[in-house]
Amino acid sequence: GAVVSQHPSRVICKSGTSVKIECRSLDFQATTMFWYRQFPKKSLMLMATSNEGSKATYEQGVEKDKFLINHASLTLSTLTVTSAHPEDSSFYICSARARTVNQPQHFGDGTRLSIL
Amino acid sequence: QKEVEQDPGPLSVPEGAIVSLNCTYSNSAFQYFMWYRQYSRKGPELLMYTYSSGNKEDGRFTAQVDKSSKYISLFIRDSQPSDSATYLCASYDGGVTGGFKTIFGAGTRLFVKA
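Sequence order for the protein chains is C and E. Using this note's numbering, read the first sequence as starting at 1 and increasing by one per residue. Using this note's numbering, read the second sequence as starting at 1 and increasing by one per residue.
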């Protein structure tokens, strides 16, 4: 099956630090990648959608300058949380969809980010 | 009204029970329907992927779509404690209206008691 690898799985860092999270599709080429945020016992909240080689489309209320997304290749997207603060602490999950028409999204295992 | 509605539960059943999880949707353009399972502190895992109306079976899992009533279901037979997780339904229109955006339900938390 389609595998999406997300790294790191856990990050604990000081306030003001920038944190980069990587998302890779291991056995398929992902035309589109998605970044979600999830609070405890809550559903997925889509932050942004990125297509390879173009700028990400952010959902309303998501700060572009705070959450930088790069989708440089068909197998790699990164999310950088810039100058992170405690309120940015959350579970971040990436997802990828293959370039083949009408394929479902596959998810990474998430990154638990804790800002002290 | 949300495009995909799902009762968050929790739903608690004894081991061996048949579990029925359900969602309703409002967008008649939706053609593709998915069920994901999410364990605590993990990303969602794709369980079932179906196109249009009908049934699809995979082991103990059966996905059912009724487009006339805009109702999607997931049945789990012989439920096991390891099935305890949050189950998310999802759908998208496959580009019919220009959108490939997947819409997710809120997720139903399932507990299977040994």
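Ideal Cβ positions, reconstructed from N, Cα and C, are used throughout, including at glycine.
Less than 9 Å between CB atoms is the rule here; does residue i satisfy it with respect to chain E?
{"i": "C/Ser77", "result": "no"}
{"i": "C/Ile21", "result": "no"}
{"i": "C/Ala30", "result": "no"}
{"i": "C/Gln60", "result": "no"}
{"i": "C/Val4", "result": "yes"}
{"i": "C/Ile93", "result": "yes"}
{"i": "C/Asn70", "result": "no"}
Leaving out five residues before and five after residue i in sequence, what residues of the same chain have Cβ atoms less than 7 Å from its Cβ?
{"i": "C/Ser5", "result": "Arg24, Leu26 and Gly108"}
{"i": "E/Met48", "result": "Met34, Trp35, Lys56, Asp58, Phe61, Ala63 and Leu74"}
Between the beta-carbon of residue i and the beta-carbon of residue j, is there less than 9 Å?
{"i": "C/Thr32", "j": "C/Ala84", "result": "no"}
{"i": "E/Ser53", "j": "E/Lys67", "result": "yes"}
{"i": "E/Ser91", "j": "E/Glu5", "result": "no"}
{"i": "E/Val19", "j": "E/Leu74", "result": "yes"}
{"i": "E/Arg37", "j": "C/Lys41", "result": "no"}
{"i": "E/Tyr71", "j": "E/Tyr51", "result": "no"}
Could you name the residues of the same chain whose beta carbon sits closer than 6 Å to that of residue i, not counting the 5 residues immediately before and after it, in chain order?
{"i": "E/Ala114", "result": "Glu15 and Pro81"}
{"i": "C/Thr49", "result": "Phe34 and Thr57"}
{"i": "E/Tyr39", "result": "Ala85"}
Rounded to the nearest angstrom, what separates residue i and residue j at their Cα positions?
{"i": "E/Pro44", "j": "C/Ile93", "result": "9 Å"}
{"i": "E/Asn22", "j": "C/Ser18", "result": "41 Å"}
{"i": "C/Ser73", "j": "E/Ser12", "result": "43 Å"}
{"i": "E/Phe111", "j": "C/Gly53", "result": "43 Å"}
{"i": "C/Leu113", "j": "C/Phe91", "result": "6 Å"}
{"i": "C/Lys20", "j": "C/Val11", "result": "10 Å"}
{"i": "E/Ser84", "j": "E/Pro10", "result": "10 Å"}
{"i": "C/Glu59", "j": "C/Met47", "result": "5 Å"}
{"i": "C/Asn70", "j": "C/Glu22", "result": "10 Å"}
{"i": "C/Gln38", "j": "C/Thr75", "result": "23 Å"}
{"i": "E/Lys101", "j": "C/Gly61", "result": "18 Å"}
Following a CB-centred definition, is residue i positioned closer than 8 Å to any heavy atom of the ligand SAH?
{"i": "C/Lys41", "result": "The model on display carries no ligand, and the ligand SAH is accordingly not part of it."}
Since residue i sits in a beta bridge, which residues does DSSP pair it with?
{"i": "C/Asn51", "result": "C/Thr32"}
{"i": "C/Gln38", "result": "C/Leu44 and C/Phe91"}
{"i": "E/Glu57", "result": "E/Thr62"}
{"i": "E/Thr108", "result": "E/Tyr87"}
Within the same chain, show all residues whose beta-carbon is closer than 8 Å to that of residue i, passing over the 5 residues directly before and after it, in chain order.
{"i": "C/Pro86", "result": "Ser15, Ile115 and Leu116"}
{"i": "C/Thr82", "result": "Ser18, Asp65, Lys66, Phe67 and Leu68"}
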